[in-house]
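**Q** Quick one: the structure is below, questions incoming.
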Amino acid sequence: MAAADNTTDLQKALKICRHYFVTAGFFSLFINIIMLVPPLYMLQVYDRVVASRSESTLLLLTLLVIVLLTTMGLLEWVRSQILVKAGAKLDLLLNERLFNATFKNSLLSGGAQSSSQPISDLTSLRQFMTGNGLFAFFDAPWLPIYIFVMFVFHPLFGWSAVFAAIVLVILAYVNEKTSSGPLGEANKVAIGSTNYLNKNLRNVEVIESMGMLQNIRHRWLKMNYEVINLQAKASRRAGLITSISKSFRMIMQSAVLGLGAYLAINNEITPGLMIAGSILLGRALAPIDLMIGSWKGFVSSRGAYNRLNEILTIVPEDKETMPLPPPEGILSVEAIVVTPPSAKMPILKGVSFQLNKGESLAVVGPSAAGKSTLARALLGIWPAINGKVRLDGADIYQWDRIALGQYIGYLPQDIEMFDGTISENICRFGKLDSKAIVEAAKQAGVHEMILRLPDGYDTVIGSHSGVLSGGQRQRLGLARAVYGKPAFIILDEPNSNLDEQGEQALSIAINNLKANGSTVVIISHKVNVISHVDKILVLADGAVTMFGLRDDVLKKLAENTKASQLKSNPKDANQAGLTKPTVPNIKPSIPE
């Protein structure tokens, strides 16, 4: 039996990019070998050229050094381009997957995790891969080459390099332990602060109108000050370690120079080796010193890597499913139990009902009865922890969401328009079919209103556009919902912002949808909408209390209402001559 593959999508993408890193490492080998040229050149100049006073030797050595160092520059440029390609490849492999995961994570969390941070994390990781900090990690493994050469120069040079490398590695470890914690915490708080600010920017009118700006700003400043304090704490520690590291490296270079002078005085080495040893030690310790200096970027990238791994693990990639035929709109709800994201107790408790193709249903009930939760469950937005929602016999989660979307219409309570033209919003940013767009607008009774706008259907709107009123946005949302004559439509409080003209347009739209054979679910408590449906479902405390044909349910509701009145006031009822519940002649009120 094959072992389960626990590799995350990020790790798989990095594995695909592995050949870029291998190639960069291969180039690093030659770059670091050529790095030996300056100290060796210095050695030859002091020991050969100065001693022999040969200008031709100096010229040849200088030309050779120029060629080699030019080659090294080209190799470094090629290495940087390889890493740029690796970053671009990683982005191409993950951007679509991460985009979908970000939206799905927000969906599953009920908006609690609405943030574009994962996209920013991918950018941060890609930028680190193309920065100087990563070069230090490629160059550091070649430290033994430099130490070996220093041992060749003189054993004391070699041991000095070993001692210096050990001390710098210890400093790097101390830097990691003392600064990574505050930096990681600062990044978390900074992300929370940014998300808090973005969410409040979407409610600027409420904040401004009720004078909440000072209080909101106070809470944001509190988080921002915490970020500043944590970053300052980490920077103080990292700055101290960086200063110690830099000073220690310079001290060791000077010490090796002094050691070389002592050995040269005692004729154990030549003056050229004295200079070359000092230069080589500085080059050997440079990658470690660079790692310490760029540790903040490394910690940030490591945090981004962990967050990307987390979201890609929490939100698995959608499995490919066999395409199903277009749905007809046959809905079957089988004892579903639904718990909203971040909630502990279920809102819907064993809800069951069925609708045939072309039937319409009104869902009514008091506030917090679970009506909007039911709408989200029917659409497959919130998963059922028990039971099934089936569309044409298939579990709603078996449908490919992109393929199913064109057959679904949804009008939520909170109408969101997206940045673009009115025509693009109505056609859901798909192919601009002018005939279908106008047909949907007419069906929603909004065609004439659109024509009166400055640019008609080409008028640019957005989520915060002030061009449209609440009622106009709701009717545009209705046009978007009915676009393409979907087989299954859910309208959540579709008339909450409509005037009398809008109510009439909504009634006409509902009748047209029924005539087109669409299955319609309407969440509303207004009688003028309910009068157009075939069936009514009454929810109370997340459970179905009544379900059936419209007139039958209305009759039962009227009887229950009268019985409740008689029970609460029996004396008044007897005086009025009422001995049993009767159905009133007026239209009964439906629970809100």
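Taking the numbering used here, the leading residue of the sequence shown gets 464, the next gets one more, and so forth. Backbone N, C-alpha and C fix where the C-beta goes; we use that ideal spot for every residue, glycine too.
Between Ser741 and Leu720, which are expected to be in contact by the criterion C-beta below 8 Å, what is the C-beta distance as a whole number of angstroms?
**A** For the purposes of this step, residue 741 is identified with residue 278 of the sequence shown, where counting begins at 1. For the purposes of this step, residue 720 is identified with residue 257 of the sequence shown, where counting begins at 1. The Cβ separation is near 4 Å, so the contact holds.
**Q** Take Arg542 and list the residues in its own chain whose beta-carbon comes closer than 6 Å to its own, dropping the five residues that flank it on each side.
**A** On the sequence shown, position 79 is the one that residue 542 refers to. Within the same chain, and ignoring the five residues on either side of Arg542 in sequence, the residues whose Cβ sits closer than 6 Å to its Cβ are Ala487 and Phe490.
**Q** Starting from Gln817, trace the beta strand (DSSP E) both ways and give me its first and last residue.
**A** Within the sequence shown, numbered from 1, the residue matching residue 817 stands at position 354. Taken as a continuous stretch (DSSP letters only), the beta strand (DSSP E) holding Gln817 covers Leu811 to Leu818.
**Q** Per the contact definition of three or more C-beta pairs closer than 8 Å, is the segment 540-556 in contact with the segment 512-524?
**A** Not touching, per the Cβ criterion.
**Q** If you follow the beta strand (DSSP E) that Met1009 is part of, which residue opens it and which one closes it?
**A** Here the question's residue 1009 lines up with position 546 in the sequence shown. Note, Met1009: beta strand (DSSP E), Ala1006 to Leu1012.
**Q** With 16 other CB atoms within 10 Å as the buried threshold, where does Asn638 fall?
**A** For the purposes of this step, residue 638 is identified with residue 175 of the sequence shown, where counting begins at 1. Classification for Asn638: buried.
**Q** Using the C-alpha atoms, what's the distance from Val814 back to Tyr860?
**A** In the sequence shown, counting from the first residue as 1, residue 860 sits at position 397. In the sequence shown, counting from the first residue as 1, residue 814 sits at position 351. Those two C-alpha atoms are separated by around 18 Å.
**Q** Label Gln906 either buried or exposed according to how many other C-beta atoms from any shown protein chain fall within 10 Å of its C-beta, with 16 as the threshold for buried.
**A** Numbered from 1 along the sequence shown, position 443 holds the residue referred to as residue 906. Per the 10 Å Cβ criterion, buried.
**Q** Considering Cα atoms alone, identify which of Ile732, Leu743 and Glu966 is closest to Gln935.
**A** Within the sequence shown, residue 935 is the residue found at index 472, counting from 1. Residue Glu966 is the option with its Cα nearest to Gln935.
**Q** Less than 8 Å between the CB atoms is what I'm expecting for Asp855 and Pro786, so what's the real figure, rounded?
**A** The residue you call residue 855 lines up with position 392 of the sequence shown. The residue you call residue 786 lines up with position 323 of the sequence shown. Asp855 to Pro786, Cβ: 13 Å. No contact.
**Q** Please work out which residues of its chain come closer than 7 Å, Cβ to Cβ, to Pro875, disregarding the five sequence neighbours upstream and downstream, and give them in chain order.
**A** As a working note, residue 875 is residue 412 in the sequence shown. Hits under 7 Å: Asp955.
**Q** Under a Cβ-count criterion, where at least 16 other Cβ atoms within 10 Å of its own Cβ denotes burial, should Gly947 be classed as buried or exposed?
**A** For the purposes of this step, residue 947 is identified with residue 484 of the sequence shown, where counting begins at 1. Label assigned to Gly947: buried.
**Q** Leaving aside the five residues before and after Ile738 along the sequence, list all residues of the same chain whose C-beta is less than 8 Å from its C-beta, in chain order.
**A** Indexing the sequence shown from 1 puts residue 738 at position 275. Answer for Ile738: Pro502, Met505, Leu506, Tyr509, Leu720 and Gly723, listed in chain order.
**Q** Given this structure, state the Cα-to-Cα distance separating Phe566 from Leu775, to the nearest angstrom.
**A** For the purposes of this step, residue 566 is identified with residue 103 of the sequence shown, where counting begins at 1. For the purposes of this step, residue 775 is identified with residue 312 of the sequence shown, where counting begins at 1. Cα to Cα, the separation comes out at about 12 Å.
**Q** My guess is that Ser642 and Ala603 are in contact by the Cβ rule of under 8 Å, so how many angstroms apart are they, rounded?
**A** Stepping through the sequence shown from its first residue, residue 642 is reached at position 179. Stepping through the sequence shown from its first residue, residue 603 is reached at position 140. Contact doesn't hold; Cβ gap of about 19 Å is too wide.
**Q** Among Glu783, Pro645 and Tyr768, which one has its Cα closest to the Cα of Gln590?
**A** For the purposes of this step, residue 590 is identified with residue 127 of the sequence shown, where counting begins at 1. Considering only alpha carbons, the answer is Tyr768.
**Q** Rounding to the nearest angstrom, what Cα-Cα distance links Gln711 and Trp540 in this structure?
**A** Numbered from 1 along the sequence shown, position 248 holds the residue referred to as residue 711. Numbered from 1 along the sequence shown, position 77 holds the residue referred to as residue 540. Gln is not the amino acid found at residue 711; the sequence shown has Phe there. A straight-line Cα-Cα distance of about 30 Å links Phe711 and Trp540.
**Q** Would Ala467 be called buried (16 or more neighbouring beta carbons within 10 Å of its own) or exposed?
**A** Your numbering for residue 467 matches position 4 in the sequence shown. Its pLDDT being 48, under 50, Ala467 is placed unreliably in this model, and the value from its coordinates should be taken loosely. So Ala467 counts as exposed.
**Q** Enumerate in chain order the residues of its own chain whose CB-to-CB distance from Arg746 is below 6 Å, with the five nearest sequence positions on each side excluded.
**A** By one-based count along the sequence shown, residue 746 stands at place 283. So the qualifying residues of the chain are Met498.
**Q** Applying the 10 Å Cβ sphere with the 16-neighbour rule, what's the burial state of Tyr636?
**A** By 1-based counting over the sequence shown, the position of residue 636 is 173. Counting Cβ neighbours within 10 Å, Tyr636 comes out exposed, since fewer than 16 surround it.
**Q** How many Å lie between Gly756 and Tyr873 at the Cα?
**A** Position 293 of the sequence shown, counting from 1, holds the residue named residue 756. Position 410 of the sequence shown, counting from 1, holds the residue named residue 873. The straight-line gap from Cα to Cα measures roughly 53 Å.
**Q** Could you tell me whether the segment 608-628 touches the segment 686-703, where touching means 3 or more Cβ pairs closer than 8 Å?
**A** no
**Q** Expressed to the nearest angstrom, what Euclidean distance is found between the alpha-carbon atoms of Thr1042 and Ile985?
**A** Counted from its first residue, the sequence shown places residue 1042 at position 579. Counted from its first residue, the sequence shown places residue 985 at position 522. The pLDDT assigned to Thr1042 is 38, lower than 50, so where the model puts this residue is not dependable, and the model offers no usable value.
**Q** Between the alpha carbons of Asn975 and Leu771, how many angstroms are there, rounded?
**A** Counting from 1 along the sequence shown, the entry for residue 975 is found at position 512. Counting from 1 along the sequence shown, the entry for residue 771 is found at position 308. Approximately 47 Å between the Cα atoms of the pair.
**Q** Return the first residue and the last residue of the beta strand (DSSP E) that Phe611 is part of.
**A** Within the sequence shown, numbered from 1, the residue matching residue 611 stands at position 148. Taken as a continuous stretch (DSSP letters only), Phe611 belongs to no beta strand (DSSP E), being part of the alpha helix (DSSP H) at Leu606 to Phe616.
**Q** Assign His482 to buried or exposed, taking buried as 16 or more other Cβ atoms, counted over all protein chains shown, within 10 Å of its Cβ.
**A** Here residue 482 is taken as the residue at index 19 of the sequence shown, counted from 1. Its Cβ having fewer than 16 others within 10 Å, His482 is exposed.
**Q** Using the rule of at least 16 other Cβ atoms within 10 Å of the residue's Cβ for burial, across every protein chain shown, is Leu743 buried or exposed?
**A** By 1-based counting over the sequence shown, the position of residue 743 is 280. So Leu743 ends up on the buried side.
**Q** Just the Cα atoms here: how many angstroms apart are Leu1012 and Ala806?
**A** Stepping through the sequence shown from its first residue, residue 1012 is reached at position 549. Stepping through the sequence shown from its first residue, residue 806 is reached at position 343. So the alpha carbons of these two residues sit roughly 33 Å apart.
**Q** Where does Tyr946 sit, in a helix, a strand or coil, going by DSSP?
**A** For this step, residue 946 is matched to residue 483 along the sequence shown. In the structure shown, Tyr946 adopts coil according to DSSP, grouped into three states.
**Q** What is the rounded straight-line gap between the Cα of Ile751 and the Cα of Ile707?
**A** The sequence position of residue 751 within the sequence shown is 288, counting from 1. The sequence position of residue 707 within the sequence shown is 244, counting from 1. Using only the alpha carbons, I get a separation of about 13 Å.
**Q** Measuring straight from C-alpha to C-alpha, what distance separates Ala866 and Gly828?
**A** Within the sequence shown, the letter at position 403 stands for residue 866. Within the sequence shown, the letter at position 365 stands for residue 828. Approximately 33 Å, taken between the alpha carbons.
**Q** Compare the Cα-Cα distances from Glu887 to each of Lys851, Gly919 and Gln544 and report the closest residue.
**A** The residue you call residue 887 lines up with position 424 of the sequence shown. The shortest Cα separation from Glu887 among Lys851, Gly919 and Gln544 belongs to Gly919.
**Q** To the nearest angstrom, how far is the alpha carbon of Tyr688 from that of Asn568?
**A** As a working note, residue 688 is residue 225 in the sequence shown. As a working note, residue 568 is residue 105 in the sequence shown. Those two C-alpha atoms are separated by around 29 Å.
**Q** Give every residue of the same chain whose Cβ lies closer than 7 Å to the Cβ of Glu1055, excluding the five residues on either side of it in the sequence, and list them in chain order.
**A** Within the sequence shown, numbered from 1, the residue matching residue 1055 stands at position 592. Any answer about Glu1055 is weak, because its pLDDT of 37 lies below 50 and its placement is not dependable; what the coordinates show is given next. These residues qualify, in order along the chain: Pro829, Ser830 and His988.
**Q** Pick out the complete alpha helix (DSSP H) segments inside the segment 870-951, 4 residues or longer, and give them in chain order.
**A** Within the segment 870-951, the complete alpha helix (DSSP H) segments at least 4 residues long are 885-889, 897-906, 910-914 and 933-945, listed from N- to C-terminus.
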